[in-house]
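Numbering-wise, the sequence shown is residues 516 to 581 according to this note's numbering. See below for the structure under consideration.
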Amino acid sequence: MKQFGDIKFYDVQEIAKIFDMTPQSIRKFFKEGRIKARKFGTRWYVTEEAMREYLLGHDNDSKPSK
């Protein structure tokens, strides 16, 4: 995790570990716009706020099971 002022940034490896997903899946989510991310050079970064938005929005997307 990197911090710039009050903003915390996470890279692909950190996010994959947090969400228990592969880095490839995380990058796919970025490209699809499911998680807001920024690319700096060759590396993707996500703010703590963007991860929170994804988690809160992701809960709303889930469908009730039958």
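Every residue gets a Cβ at the ideal spot worked out from N, C-alpha and C, and that includes glycine. Treat the numbers as computed from the prediction; the structure is a model and nothing was measured.
Query - Integer-rounded CB distance, given that residue 525 should sit under 8 Å from residue 550 - result: Their Cβ separation, rounded to whole angstroms, is 10 Å, which puts residue 550 and residue 525 out of contact at 8 Å.
Query raised in the report: Shortest alpha-carbon distance to residue 518 belongs to which of 566, 533, 562?
Result: Nearest to residue 518 by alpha-carbon distance, out of 566, 533, 562, is 562.
Report task. Grab the span of the alpha helix (DSSP H) containing residue 558 for me, first residue to last. Result -> Residue 558 -> not in any alpha helix (DSSP H); beta strand (DSSP E) instead, spanning 558-562.
**Report entry** Exposed unless 16 or more other CB atoms sit within 10 angstroms - verdict on residue 577
**Finding:** The predicted position of residue 577 is uncertain, since its pLDDT is 49 and thus under 50; no value can be drawn from it.
Report task. Could you tell me the boundaries of the beta strand (DSSP E) in which residue 553 lies? Result -> Segment 553-555, the beta strand (DSSP E) holding residue 553.
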